[in-house]
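Student: When we follow the numbering used here, the leftmost residue of the sequence shown carries the number 10, and every step to the right adds one.
The beta-carbon is built from N, C-alpha and C at its ideal position, and this holds for glycine as well.
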Amino acid sequence: IGISVVFLGFVPIIGWSLGENECIFLIAVVGLSVDYSVHLLHAYHHGKDTDREGRCRHALAEMGISVINSSVTTLLAAAILFACGFYFFLQFGAFIFLVIGLSI
Numbered sequence: 010i011g012i013s014v015v016f017l018g019f020v021p022i023i024g025w026s027l028g029e030n031e032c033i034f035l036i037a038v039v040g041l042s043v044d045y046s047v048h049l050l051h052a053y054h055h056g057k058d059t060d061r062e063g064r065c066r067h068a069l070a071e072m073g074i075s076v077i078n079s080s081v082t083t084l085l086a087a088a089i090l091f092a093c094g095f096y097f098f099l100q101f102g103a104f105i106f107l108v109i110g111l112s113i
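(1) For the alpha helix (DSSP H) containing S26, name the first residue and the last one.
(2) My assumption, with CB atoms under 8 Å, is that I12 sits in contact with L85. Please give the rounded CB distance.
(3) Between the C-alpha atoms of H87 and F101, what's the straight-line distance to the nearest angstrom?
(4) Alpha carbon to alpha carbon, what distance is there between A52 and S75?
(5) Which value, in whole angstroms, describes the spacing of the CA atoms of M72 and S46?
(6) Can you have a look at I33 and say buried or exposed, based on whether 16 or more other CB atoms are within 10 angstroms of its CB?
(7) If we cut at 8 Å on Cβ distances, does L50 have a partner in chain B?
(8) Quick one: grab the DSSP three-state call for C93.
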């Protein structure tokens, strides 16, 4: 819910109005933002350590590099959309870049 509120806060700051595209983006923000957290929480839950620091180390060792690689490749794919002349794709690239940047 927090990332959705932050996204809605950024909409007027970056000069967008709440239209069809932004409503579609608002639906997609939930799926994009929860992906990295779920992977890390799953690894945390399956950690064998009893203390939270050990479980955090396990989660980062188990899934950290995969989460970082996934976010970097997604950010690179979104950056390519900035060169597009069609406004929807430019806006979609900015949306993905914003959400993934805030989710990390």
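Tutor: So, from the listed chains and residues:
(1) From DSSP, S26 is part of no alpha helix (DSSP H); its letter is neither H nor E.
(2) Not quite, the Cβ-Cβ distance comes to about 21 Å (not below 8 Å), so this is no contact.
(3) Checking the sequence shown, residue 87 turns out to be Ala, not His. Inter-residue distance for A87 and F101 is about 8 Å (C-alpha atoms, whole angstroms).
(4) Cα to Cα, S75 sits roughly 12 Å from A52.
(5) So the alpha carbons of these two residues sit roughly 10 Å apart.
(6) I33 is exposed by the Cβ-count criterion.
(7) The chain labelled as chain B is not found in the depicted structure, where only one protein chain is given.
(8) Of the three classes helix, strand and coil, the one that applies to C93 here is coil, per DSSP.
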